[in-house]
Amino acid sequence: MPSPYRAIFAAPGTKGFSAAGLIGRLPLSMVGVGILTMISEITGRYAMASALTGALALSAAVLGPQISRLVDQYGQRRVLRPATLVSVLAVAVMLLAAANGWPDWTLFVCAVVAGCVPSVGSMIRARWTAIYRDSPRELHTAYSFESVIDEVCFIFGPILAIGLSTIWFPEAGPLIAAVCLLVGVWLLTAQRDTEPEPHPRGEDTDRTSALRSPGLQVLAATFVATGAIFGSIDVSTLAFAEEQGSKSSASFVLAIWALGSCLAGIVFGLLHLKGRTEPRWVLGVCAMAVSMIPLLLAGNLPFLAAALFVSGLAIAPTMITTMALIEAHVPRAKLTEGMTWISTGLAVGVAVGSSVTGLVIDAAGAQRGYVVSITAGAAAAAVAFAGYRRLTRPAQGEEPSSDGADTDSADGGEERADRVA
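Residue numbers (the numbering used here): 1152 to 1572.
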């Protein structure tokens, strides 16, 4: 491991919560595609499968920030364990319903309840922030490492989920995902020394949502469109691989997409770029949008894999930059909630993107599903440009989580003259 990454693990407890976070975050890339594969294997209905994964994502979008808000108030252990138990139980009932042919509405009820799954990635990033709040360079490297872990999960998660559901039995993918979530959260919450201090809200405490921040609104809205990219690519790739006569190959194609992002994240974490973060963020969003165009031209799986690898190069750097901006925009007492709103934006986008793509595929074929990806990329770029000025406005109100340092700067001790709101 390069020395900047090795250095961040010098702090006690970092290896333990990172390992737990890896296990607990693996379901992020397994549950949706696992349910999609399970339903398509059992019923052959892509529209139904997409609608179900969309319902789960939409529920997580609504419930996730509320759970994280409670975490900010009461701590991770007190909130995450009961929330995880409810989510895992709902997934278990969903699997029974699918296996036994229960009515469709029972699947959707279970998907809605399962949406109370906690945002494990936000919990891990909050721990890194608590440790390296005053060390911007190390915090940048930690955020980069977390983005790499996200992509590692997206490399192996779809392979596991699709492979288990197509080779073993249809319900196997979501089942293993639920077990990983339960184990990961229990291991994470058992580590109390690195748990961020809760911020109980008294009479004098601002009880408004972190989403009141104009900058966070721009970031979350942009990631709704970004989530639509992710959701549409997952569904389109699975259907495209099936049309090509190798449905199980979809997991490997999606893994190559994540591999591109993983490699880019590793390199980006070694850099300490000077200058303002906001233009770099807009550039990353635009790069993601442009990289969608070649997908519509793919005529076979190797071409599609190559195109997805290139498009993946823009994902992790953009996510890393986003986390740096969140830390500057969100008050310290609302940091976990602020980070979860990005996951919420992604979840809403995944819900919309996967559902629309399922309808397009049923009507016009798998390759046309990538039209949704291109459209979503254009929308993300448009929102980023439209909201750019909000990201550069001076801070107002509560003290942001960041102390004004640019987490992407080469000189972590310099104060940002253009501190964002």
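For each residue, glycine too, the CB sits at the ideal point set by N, CA and C. Quick caveat, the model's predicted, so the values are computed rather than measured.
**OP:** Jot down the residue ranges of each uninterrupted alpha helix (DSSP H) in the region 1307–1356, minimum 4 residues, whole runs only, in chain order.
**Re:** Here the runs fully enclosed are 1323–1340.
Original post:
How many Å lie between Val1263 and His1291 at the Cα?
Top reply: What you label residue 1263 is simply residue 112 of the sequence shown in a count that begins at 1. What you label residue 1291 is simply residue 140 of the sequence shown in a count that begins at 1. Straight-line Cα distance between these residues: approximately 35 Å.
Subject >> Ala1212 versus Leu1221 - alpha carbon distance >> reply: Taking the sequence shown and counting its residues from 1, the one referred to as residue 1212 is at position 61. Taking the sequence shown and counting its residues from 1, the one referred to as residue 1221 is at position 70. In a straight line, the C-alpha of Ala1212 is about 15 Å away from that of Leu1221.
Subject >> Anticipated Cβ contact below 8 Å, Leu1510 with Ala1198, distance rounded >> reply: Position 359 of the sequence shown, counted from the start, is the residue given in the question as residue 1510. Position 47 of the sequence shown, counted from the start, is the residue given in the question as residue 1198. Going by Cβ atoms, the distance from Leu1510 to Ala1198 rounds to 6 Å, so yes, they are a contact pair.
**OP:** Determine the burial state of Ala1515: buried for a count of at least 16 other Cβ atoms within 10 Å of its Cβ, exposed for fewer.
**Re:** Looking up residue 1515 in the sequence shown gives position 364. Answer is exposed; the Cβ neighbour count stays below 16.
Subject >> Alpha-carbon spacing of Gly1538 relative to Tyr1225, whole angstroms >> reply: Translated into the one-based positions of the sequence shown, residue 1538 becomes position 387. Translated into the one-based positions of the sequence shown, residue 1225 becomes position 74. So the alpha carbons of these two residues sit roughly 33 Å apart.
Original post:
Rounded to a whole number of angstroms, what is the C-alpha to C-alpha distance between Pro1325 and Pro1349?
Top reply: Along the sequence shown, read from residue 1 onward, the residue named residue 1325 stands at position 174. Along the sequence shown, read from residue 1 onward, the residue named residue 1349 stands at position 198. Pairing Pro1325 with Pro1349, the inter-Cα distance amounts to about 32 Å.
Original post:
Between Leu1173 and Val1418, what straight-line distance do the alpha-carbon atoms span, to the nearest angstrom?
Top reply: As a first step, residue 1173 is located in the sequence shown; it is residue number 22 there, counting from the start. As a first step, residue 1418 is located in the sequence shown; it is residue number 267 there, counting from the start. Distance from the CA of Leu1173 to the CA of Val1418, rounded to the nearest whole angstrom, comes to 20 Å.
**OP:** Specify whether the region 1201–1209 and the region 1181–1189 touch according to this definition: at least 3 beta carbon pairs, one from each stretch, less than 8 Å apart.
**Re:** Flag = yes, the region 1201–1209 and the region 1181–1189 touch.
Subject >> Beta-carbon proximity list for Leu1236, same chain, < 7 Å, skipping 5 on both sides >> reply: Here residue 1236 is taken as the residue at index 85 of the sequence shown, counted from 1. Here the set comprises nothing.
**OP:** Would you mind sorting Gly1396 into buried or exposed? The rule is 16 or more other CB atoms within 10 Å of its CB.
**Re:** Within the sequence shown, residue 1396 is the residue found at index 245, counting from 1. An exposed status is given to Gly1396, since fewer than 16 other beta-carbon atoms sit within 10 Å of its beta-carbon.
Original post:
What first and last residue would you give for the alpha helix (DSSP H) that runs through Leu1446?
Top reply: The residue labelled residue 1446 in the question sits at position 295 within the sequence shown. Element bounds for Leu1446: n/a, residue is neither H nor E.
**OP:** Pick helix, strand or coil for Pro1269, following the three-state DSSP scheme.
**Re:** For the purposes of this step, residue 1269 is identified with residue 118 of the sequence shown, where counting begins at 1. For Pro1269, the secondary structure class from DSSP, reduced to helix, strand or coil, is coil.
**OP:** Within the same chain, show all residues whose beta-carbon is closer than 6 Å to that of Ala1248, passing over the 5 residues directly before and after it, in chain order.
**Re:** As a first step, residue 1248 must be located in the sequence shown, where it is residue number 97. So the qualifying residues of the chain are Thr1257, Leu1258.
Subject >> Cβ-Cβ distance between Ser1402 and Ile1310 below 8 Å >> reply: Position 251 of the sequence shown, counting from 1, holds the residue named residue 1402. Position 159 of the sequence shown, counting from 1, holds the residue named residue 1310. It is a contact, given that the beta carbons lie within the stated cut-off.
Subject >> Close Cβ partners of Gly1314 (< 7 Å) along its chain, the five nearest in sequence each way excluded >> reply: Here residue 1314 is taken as the residue at index 163 of the sequence shown, counted from 1. These residues qualify, in order along the chain: Ser1399, Ser1402.
Subject >> Rounded separation between Arg1228 and Cys1267 - CA only >> reply: Position 77 of the sequence shown, counted from the start, is the residue given in the question as residue 1228. Position 116 of the sequence shown, counted from the start, is the residue given in the question as residue 1267. Rounded to the nearest angstrom, the two C-alpha atoms are 15 Å apart.
Original post:
How would you write the range of the alpha helix (DSSP H) that Ala1531 sits in, first residue to last?
Top reply: Position 380 of the sequence shown holds residue 1531. In this chain, the alpha helix (DSSP H) harbouring Ala1531 covers 1521–1537.
Original post:
Can you name, in chain order, every residue of its own chain whose Cβ lies under 6 Å from the Cβ of Thr1495, other than the five neighbours on each side?
Top reply: Position 344 of the sequence shown, counted from the first residue, corresponds to residue 1495. So the qualifying residues of the chain are Ala1212, Gly1215, Pro1216.
Subject >> DSSP three-state assignment for Ala1546, whether helix, strand or coil >> reply: For the purposes of this step, residue 1546 is identified with residue 395 of the sequence shown, where counting begins at 1. The predicted model places Ala1546 with a pLDDT of 44, which falls under 50 and marks its position as unreliable; any figure quoted below should be read in that light. Ala1546 falls in the coil class under three-state DSSP.
**OP:** Would you be able to state if there are at least three C-beta pairs under 8 Å between the region 1335–1346 and the region 1461–1475?
**Re:** Contact between the region 1461–1475 and the region 1335–1346 is absent: fewer than three C-beta pairs spanning the two stretches fall below 8 Å.
**OP:** Helix, strand or coil for His1423, going by three-state DSSP, please let me know.
**Re:** Here the question's residue 1423 lines up with position 272 in the sequence shown. Note: His1423 maps to coil in three-state DSSP.
Subject >> Residue burial classification, Gln1547 (beta-carbon count within 10 angstroms, cutoff 16) >> reply: The residue you call residue 1547 lines up with position 396 of the sequence shown. With a pLDDT of only 46 at Gln1547, under the threshold of 50, the placement of this residue in the model should not be trusted, and no figure is reported.
Original post:
Among Ala1498, Thr1377, Ile1477, Val1522, which one has its Cα closest to the Cα of Leu1446?
Top reply: Here residue 1446 refers to the residue found at position 295 when the sequence shown is read from its first residue. Answer by Cα proximity: Val1522.
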